[in-house]
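Numbering (UniProt numbering), first residue to last: 1 to 140. Glycine included, every Cβ here is placed at the ideal spot set by N, Cα and C.
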């Protein structure tokens, strides 16, 4: 590679880098302005669905647990190897079910928290802007 080729490649790389760096915004996409928009209705609907899923999983996800446990114990007592394997399935199911229940609860709680926090922030900002607009009235 010659020195001129090297300099040309460096210049091209620098030009590509400068067009990628955007500190104060993002280019507008065809579907919107690039700004983050959150609607309380969307948050509420997702949070409600997570809450409903948590309730159904709590009830329906545990139906097979007692009979699976009883079957595994019966197989173990009968000296069947499959009894210990069925017990592993039972334990893994319970672990995964608790993880999923925890995730649904976290999603629901987080979205409720986000919704109320954004509403409080909006009210605070509105109050601050109203105070500034009242001051501006005195300077006119």
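Cutting at 7 Å between CB atoms, please list the residues of its own chain near residue i, excluding the five before and the five after it.
i           : result
residue 114 : 43
residue 86  : 68, 71, 72, 75
residue 108 : 47, 50, 51, 54
residue 112 : 47
residue 100 : 57
Can you determine whether any heavy atom of the ligand GTP sits closer than 7 Å to the C-beta of residue i, and answer yes or no?
i         : result
residue 9 : Only the bare structure without any ligand can be found here, which leaves the ligand GTP out of the picture.
Give the C-beta separation of residue i and residue j to the nearest angstrom, bearing in mind that I take them to be a contact with Cβ-Cβ under 8 Å.
i           : j          : result
residue 105 : residue 54 : 6 Å
Applying the criterion that 16 or more other CB atoms from any shown protein chain within 10 Å of the CB defines a buried residue, is residue i buried or exposed?
i         : result
residue 9 : exposed
Can you name, in chain order, every residue of its own chain whose Cβ lies under 8 Å from the Cβ of residue i, other than the five neighbours on each side?
i           : result
residue 124 : none
residue 14  : none
Identify, in the order they occur along the chain, each residue of the same chain with its Cβ nearer than 6 Å to the Cβ of residue i, setting aside the five sequence neighbours on each side.
i          : result
residue 97 : 61
Exercise for the section: Tell me, please, whether the segment 70-84 touches the segment 92-110 by the rule of three or more beta-carbon pairs shorter than 8 Å. Expected result: Touching, no.
Handout entry: the segment 64-79 / the segment 123-132 touching (three or more Cβ pairs under 8 Å)
Key = no
Practice task
Inspect the CB distances between the segment 111-126 and the segment 59-76 and report whether three or more fall short of 8 Å.
Solution key: no
Problem - Segments assigned beta strand (DSSP E), at least 3 residues, entirely inside the segment 48-93 - result: Entirely contained in the segment 48-93, not one beta strand (DSSP E) run reaches 3 residues.
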